[in-house]
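Enquirer: For reference, the structure I am asking about is given below.
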Amino acid sequence: MIADRARGRSITRRGLLIAGLGLMLLAGVYVLALRFTPMEVSQGLAQKIFYLHVPAAWTSLLVFSVVGITSAVYLWLRDERLDLFAASSAEVGVVFSIIMLTTGPLWAKPIWGTWWQWDARLTLTLFLFFLFVGYLSLRAAVPDPGERARYSAVVAILGFLLVPFVHLSVYLFRTIHPMPVVLKPSAPSLPDSMLRTLLIAFAVDLVLYIGFVTARYGLGLLAHARAAELEDRPDA
Amino acid sequence: MHETPQNAGYMIAAYVVTAVVLVGYWVRLAMKLRAKS
Amino acid sequence: MANPLRAALILAARDIRAELRSRTALTSALVFAALVLVVFNFARDPTRLGVADLAPSALWITFAFGAMTTLNRAFGIEKEHGALDLLRLAPMPREAIYGGKLLANLAFVFVVEAVALPLFVLFFNRPIWHILGPLLLVTALATIGFVAVGTLLSAMAVRTRFAELMLPLLLLPFMLPPVIGAVQVTARLFADRPLSEVTGWLRLLAVYDVVFVTISVLIFPAVADE
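Rendered as structure tokens:
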């Protein structure tokens with residue numbers, strides 16, 4: 016993988032710019048969700064966590080799929096850049112997973128009366144987090160770049176295949192053990208205003224993902240360039 | 023029709039945590055760029 | 352070169368012979384089984400928690416632990432003798448290496464399960480003859496599920512510095528669908544529920560096995576090759 020520092024730097028800066036834009040848009044989403052979207056009267060203000068938790072969850076799932084698919088293509092083409100992209104995506108995925116895992120219980124406690132429930136959504140949340148963490152831990156534990164790329168690709172592909180099974184298992188479990196709820200969660204048909212806010216929040220998360228993954232990728236190129244320079248430098 | 027539950031605290035916590043995580047990650051990446059340039 | 356199946360069986364036989372000599376995985380798994388039995392029996396209030404409530408969980412915790420212990424040692428023999436790379440150089444198709452390891456690991460775990468199950472029957476005082484068939488089926492299906500993935504993951508974990516930590520961390524998400532399914536089926540069997548209630552789970556387990564064994568066989572070369 017050819018990388019020079021300048022390219023790495025410029026890509027990173029571009030990524031940070033996009034992510035910075037994303038953060039400003041996020042502020043806009045906050046205002047939209049808190050002031051301009053009607054409150055769900057039976058659930059109170061806590062329902063608004065929905066606009067953060069659900070997009071983060073969708074983004075995590077999307078990112079995880081990207082990591083899985085990119086890894087599969089990597090194993091086929093063996094292009095290092097694919098590996099770097101997968102690793103960068105995974106790191107961003109962990110960030111969104113953390114948001115998902117913290118906002119989830121914060122939403123569940125006031126709405127369902129319990130911090131945690133083994134329903135499809137939260138269980139999958141936990142799984143994704145474990146898979147991301149496993150992927151990144153494995154990468155950290157394998158020093159050789161080629162081996163690291165291959166091994167983490169294997170884990171990513173396996174994890175990607177696991178997701179539908181987790182979903183099915185929880186679904187099978189749920190159809191027999193309906194979960195008690197303290198307050199009824201939002202009605203199946205979401206009012207347009209809420210749906211709009213939700214989708215806008217998701218779009219902003221996507222902007223953040225693109226920005227962050229670009230920045231992380233750039234940093235990876237930078238690190239690679241520096242490592243290559245150290246190798247080439249003749250001993251003093 | 024019961025009254026609206028007062029659970030703003032949870033909402034505030036969630037919104038704050040999200041902001042902190044995302045801004046914090048941005049700052050971390052920016053600092054890494056500065057360190058490596 | 353000898354056909355892959357035969358190569359796999361030879362490799363499996365060698366592993367089994369080696370384990371028979373040292374028996375560490377088997378011993379620790381059995382000690383754990385005994386521990387689980389004792390704890391579960393003394394920790395529950397017999398008037399409120401029936402045997403059928405706890406036995407399936409206790410059983411599967413034991414089986415899962417037995418599998419984990421076995422898998423930790425799966426490539427341990429090669430690692431101890433610095434033979435990991437020799438395995439890679441052997442003129443065997445990669446799939447056969449995986450197959451051999453898988454068979455050996457399955458054999459070990461089945462032995463642990465075969466010994467633990469009668470112990471459970473004894474101490475939980477639960478007759479199982481009438482459900483033996485389905486019980487063996489669900490045990491086989493679930494075990495194949497997590498041992499298939501575990502064998503693949505242990506091949507990678509063994510090359511990292513914290514192998515004993517890495518393997519459980521990586522394997523945990525992959526153990527959950529088989530174990531959840533297995534506990535659900537076992538619980539229903541112990542409660543004498545009709546078989547029609549468990550076919551859904553058994554199908555899920557079977558599909559899981561087919562998918563993950565296939566993918567593991569196909570992907571193992573990526574782990575084994577340079």
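Protein chains in written order, with this note's numbering: chain S, 16 to 251; chain U, 23 to 59; chain W, 352 to 577.
Think of the CB as a built atom: it goes at the ideal place given N, C-alpha and C, for glycine as much as any other residue.
Here the structure is a predicted model, which means the values were calculated and not measured.
Could you have a look at phenylalanine 587 of chain W and say whether DSSP puts it in helix, strand or coil?
Expert: Since the first and last residues shown for chain W are 352 and 577, residue 587 of chain W lies out of range.
Enquirer: Which same chain residues, not among the five before or five after tryptophan 122 of chain S, have their C-beta less than 7 Å away from its C-beta?
Expert: Indexing the first sequence from 1 puts residue 122 of chain S at position 107. Within the same chain, tryptophan 122 of chain S has close Cβ partners Ala61, Ile64, Phe65 and His68.
Enquirer: Classify proline 195 of chain S as buried or exposed, calling it buried when 16 or more other Cβ atoms lie within 10 Å of its own Cβ.
Expert: For the purposes of this step, residue 195 of chain S is taken as the residue at position 180 of the first sequence. Legend: pLDDT at proline 195 of chain S = 46, less than 50; position of this residue unreliable, no value from coordinates given.
Enquirer: Which residues, in chain order, does the segment 545 to 577 of chain W contribute to contact with chain S at a C-beta distance below 9 Å?
Expert: Of all residues in the segment 545 to 577 of chain W, Glu548, Gly551, Trp552, Leu555, Val558, Tyr559, Val562, Phe563, Ile566, Ser567, Ile570, Phe571, Ala573, Val574, Asp576 and Glu577 have a Cβ within less than 9 Å of some Cβ in chain S.
Enquirer: Taking CB distances under 7 Å as the criterion, tell me whether tyrosine 166 of chain S reaches chain W.
Expert: Reading the first sequence from its first residue, position 151 is the one you call residue 166 of chain S. Closer than 7 Å: yes.
Enquirer: With a cut-off of 7 Å, does the C-beta of isoleucine 33 of chain S fall near any C-beta of chain U?
Expert: Here residue 33 of chain S refers to the residue found at position 18 of the first sequence. Answer no: the Cβ-Cβ gap between isoleucine 33 of chain S and chain U never drops below 7 Å.
Enquirer: Pop quiz: alanine 384 of chain W and threonine 413 of chain W are said to be a contact at Cβ under 8 Å. What is the actual Cβ separation, rounded to whole angstroms?
Expert: As a working note, residue 384 of chain W is residue 33 in the third sequence. As a working note, residue 413 of chain W is residue 62 in the third sequence. About 4 Å; that satisfies the 8 Å criterion.
Enquirer: Beta-carbon separation of leucine 492 of chain W and alanine 557 of chain W under 7 Å?
Expert: Along the third sequence, one-based indexing puts residue 492 of chain W at 141. Along the third sequence, one-based indexing puts residue 557 of chain W at 206. A contact, by the Cβ cut-off of 7 Å.
Enquirer: How big is the Cα-Cα spacing for phenylalanine 391 of chain W and leucine 527 of chain W?
Expert: The residue labelled residue 391 of chain W in the question sits at position 40 within the third sequence. The residue labelled residue 527 of chain W in the question sits at position 176 within the third sequence. In a straight line, the C-alpha of phenylalanine 391 of chain W is about 21 Å away from that of leucine 527 of chain W.
Enquirer: Report, in whole angstroms, the separation of the C-beta atoms of threonine 140 of chain S and glycine 119 of chain S, which I expect to be a contact under 8 Å.
Expert: Position 125 of the first sequence holds residue 140 of chain S. Position 104 of the first sequence holds residue 119 of chain S. With 8 Å as the limit, threonine 140 of chain S and glycine 119 of chain S qualify as a contact, their Cβ atoms being about 6 Å apart.
Enquirer: Using the rule of at least 16 other Cβ atoms within 10 Å of the residue's Cβ for burial, across every protein chain shown, is tryptophan 552 of chain W buried or exposed?
Expert: In the third sequence, residue 552 of chain W corresponds to position 201, counting from 1. So tryptophan 552 of chain W counts as buried.
Enquirer: Check distances from the C-beta atoms of the segment 495 to 506 of chain W to those of chain S and list, in chain order, the residues that come in under 8 Å.
Expert: So the list reads Val500, Leu503 and Leu504, given in the order they occur along the chain.
Enquirer: Applying the 10 Å Cβ sphere with the 16-neighbour rule, what's the burial state of glycine 46 of chain U?
Expert: Here residue 46 of chain U corresponds to residue number 24 of the second sequence, with the count starting at 1. The residue is exposed, with fewer than 16 neighbouring Cβ atoms inside 10 Å.
Enquirer: Please go through the same chain and pick out, in chain order, the residues whose beta-carbon is closer than 7 Å to the beta-carbon of methionine 115 of chain S, but skip the five residues on each side of it.
Expert: Counting from one through the first sequence, the residue named residue 115 of chain S turns up at place 100. Counting only Cβ-Cβ distances below 7 Å, and skipping sequence neighbours, we find His68, Ala71, Ala72, Ser75 and Thr140.
Enquirer: Any idea if phenylalanine 475 of chain W is buried or exposed, counting beta-carbon neighbours within 10 angstroms, 16 or more meaning buried?
Expert: Walking along the third sequence from the start, residue 475 of chain W turns up at place 124. Buried.
Enquirer: Would you call serine 86 of chain S buried or exposed, if buried means 16 or more other Cβ atoms sit within 10 Å of its Cβ?
Expert: For the purposes of this step, residue 86 of chain S is taken as the residue at position 71 of the first sequence. Buried.
Enquirer: Report yes or no: do the segment 211 to 218 of chain S and the segment 39 to 48 of chain S share at least 3 C-beta pairs separated by less than 8 Å?
Expert: Yes, the segment 211 to 218 of chain S is in contact with the segment 39 to 48 of chain S.
Enquirer: Check this for me: beta carbons of valine 463 of chain W and valine 498 of chain W, under 7 Å apart or not?
Expert: As a position in the third sequence, residue 463 of chain W is number 112, starting the count at 1. As a position in the third sequence, residue 498 of chain W is number 147, starting the count at 1. No.
Enquirer: How about leucine 234 of chain S and threonine 27 of chain S: do their beta carbons lie closer than 7 Å?
Expert: To locate residue 234 of chain S, count along the first sequence from 1; it is residue 219. To locate residue 27 of chain S, count along the first sequence from 1; it is residue 12. Cβ atoms of leucine 234 of chain S and threonine 27 of chain S: closer than 7 Å.
Enquirer: Applying the criterion that 16 or more other CB atoms from any shown protein chain within 10 Å of the CB defines a buried residue, is threonine 565 of chain W buried or exposed?
Expert: Numbered from its first residue, the third sequence carries residue 565 of chain W at position 214. Exposed, by the Cβ-count rule.
Enquirer: Could you give the DSSP three-state label for alanine 30 of chain U: helix, strand or coil?
Expert: Indexing the second sequence from 1 puts residue 30 of chain U at position 8. Looking at alanine 30 of chain U - three-state DSSP - the assignment turns out to be helix.
Enquirer: Which residues in chain W have a C-beta closer than 9 Å to the C-beta of isoleucine 84 of chain S? List them in chain order.
Expert: For the purposes of this step, residue 84 of chain S is identified with residue 69 of the first sequence, where counting begins at 1. Neighbours of isoleucine 84 of chain S on chain W: none; closest Cβ ~14 Å, over 9 Å.
Enquirer: Are the beta-carbon atoms belonging to methionine 419 of chain W and alanine 358 of chain W less than 7 Å from one another?
Expert: Looking up residue 419 of chain W in the third sequence gives position 68. Looking up residue 358 of chain W in the third sequence gives position 7. Cβ atoms of methionine 419 of chain W and alanine 358 of chain W: not closer than 7 Å.
Enquirer: From serine 567 of chain W to leucine 503 of chain W, what does the alpha carbon distance come to, in whole angstroms?
Expert: Taking the third sequence and counting its residues from 1, one reaches residue 567 of chain W at position 216. Taking the third sequence and counting its residues from 1, one reaches residue 503 of chain W at position 152. Answer to the nearest angstrom: the Cα atoms are 6 Å apart.
Enquirer: Looking at C-beta atoms only, is the number of pairs between the segment 47 to 61 of chain S and the segment 146 to 154 of chain S that lie closer than 8 Å three or more?
Expert: Touching, no.
Enquirer: Under 7 Å, do valine 78 of chain S and serine 103 of chain S count as touching if we go by C-beta distance?
Expert: As a first step, residue 78 of chain S is located in the first sequence; it is residue number 63 there, counting from the start. As a first step, residue 103 of chain S is located in the first sequence; it is residue number 88 there, counting from the start. Going by C-beta atoms, valine 78 of chain S is not nearer than 7 Å to serine 103 of chain S.
Enquirer: Can you give the Cα-Cα distance for leucine 223 of chain S and alanine 240 of chain S, rounded to whole angstroms?
Expert: Position 208 of the first sequence, counting from 1, holds the residue named residue 223 of chain S. Position 225 of the first sequence, counting from 1, holds the residue named residue 240 of chain S. Roughly 26 Å separates the two Cα atoms.
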